[in-house]
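Here the structure comes first, spelled out in structure tokens, and everything after it is commentary.
Numbering (this note's numbering), first residue to last: 46 to 339.
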């Protein structure tokens, strides 16, 4: 099987964006992911490598954001936001277990500098996990954090039968990270997963992203969303589920959860790009939220 087929195209593109960001000067980049480039097919690896040079450092993001407005900046700012939320939640709430759902090519277990002792668990399709572990094993200065891998296909398998119940033990204080996968699943899968979260002890936290449902009903509502919608349909990975931000607290209450954070791309871009973010358009429909089990 070809390497590219082992991970979804959108997952590979997100790794590409992380690789580009990692090539920016240390004082300017939002994060450093030395592993992302190892997941890329030859063409994307070439462009990621070129982005280390001044002209291409400008040209590659410019081209991406011209074709799919706001995508690259929204993804890298989202990555930084979730990095910060993860580190702070572990520190402030005594988290000792981080479960990354639909982990794809995520590398937080290896690149985040966390002082606390934390068990990392990644849940995803076995073929994606195999590819990821193969590529990480080739890195000269490889990862040193142990990760427990659990194979599961969210579309046709249930977490209660594939994720051990031991992880729901009262001695665990758990943080779930569900990034970049929630939009591609069906409403029934979303319902299944939130009911699964509900079974964890009070204080369990979930960081997830979602899209404003208006972008699904009418992509033209948001600048550049029509182009993004076409791309996702072309690669057979369309967004299937969205939420109304004003309804999110009520939605979570139905699963005995409380919303503690919810922010759109325009706001979290401004967090990390400052005044430059005011000139960036596109992807305003993308949001990051955190909920806690009551």
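Every residue gets a Cβ at the ideal spot worked out from N, C-alpha and C, and that includes glycine.
CA-to-CA distance, residue j to residue i, given in whole angstroms
i: residue 210; j: residue 106; result: 43 Å
i: residue 254; j: residue 174; result: 22 Å
i: residue 148; j: residue 168; result: 6 Å
i: residue 138; j: residue 131; result: 10 Å
i: residue 190; j: residue 283; result: 33 Å
i: residue 47; j: residue 298; result: Summary for residue 47: the model assigns pLDDT 44, below 50, so the residue's position carries little reliability; its value from the coordinates is reported in the next sentence. So the two alpha carbons sit approximately 43 Å from each other.
i: residue 98; j: residue 83; result: 19 Å
i: residue 66; j: residue 217; result: 34 Å
i: residue 92; j: residue 302; result: 43 Å
i: residue 49; j: residue 76; result: Because residue 49 carries a pLDDT of 42, less than 50, the predicted location of this residue cannot be relied on, and the following value inherits that uncertainty. Distance between the alpha carbons of residue 49 and residue 76 is about 25 Å.
i: residue 164; j: residue 265; result: 43 Å
i: residue 54; j: residue 180; result: 16 Å
i: residue 251; j: residue 81; result: 24 Å
i: residue 309; j: residue 231; result: 22 Å
i: residue 270; j: residue 324; result: 17 Å
i: residue 234; j: residue 100; result: 44 Å
i: residue 257; j: residue 328; result: 10 Å
Beta-bridge pairing of residue i - partner residues as DSSP gives them
i: residue 193; result: 166
i: residue 221; result: 144 and 251
i: residue 256; result: 331
Extent of the continuous alpha helix (DSSP H) to which residue i belongs
i: residue 52; result: It is not in any alpha helix (DSSP H) - residue 52 carries neither H nor E in the DSSP assignment.
i: residue 135; result: 116-138
i: residue 32; result: Residue coverage of the chain in this structure runs from 46 to 339, which leaves residue 32 outside it and unanswerable.
i: residue 232; result: 232-243
i: residue 177; result: 171-182
i: residue 154; result: 153-156
i: residue 206; result: 204-207
Limits of the unbroken beta strand (DSSP E) element including residue i
i: residue 336; result: 331-338
Heavy atom of the ligand SAH within 7 Å of residue i beta-carbon
i: residue 162; result: Ligands displayed in this structure: none; no statement on the ligand SAH is therefore possible.
Determine, using beta-carbon pairs with one atom in the stretch 312-322 and one in the stretch 235-247, whether at least three such pairs fall under 8 Å. no
What residue ranges within the stretch 271-320 form continuous beta strand (DSSP E) runs of no fewer than 3 residues, ordered along the chain? 302-309
Taking the runs of the beta strand (DSSP E) that are 3 residues or longer, which of them lie wholly in the stretch 58-119? none
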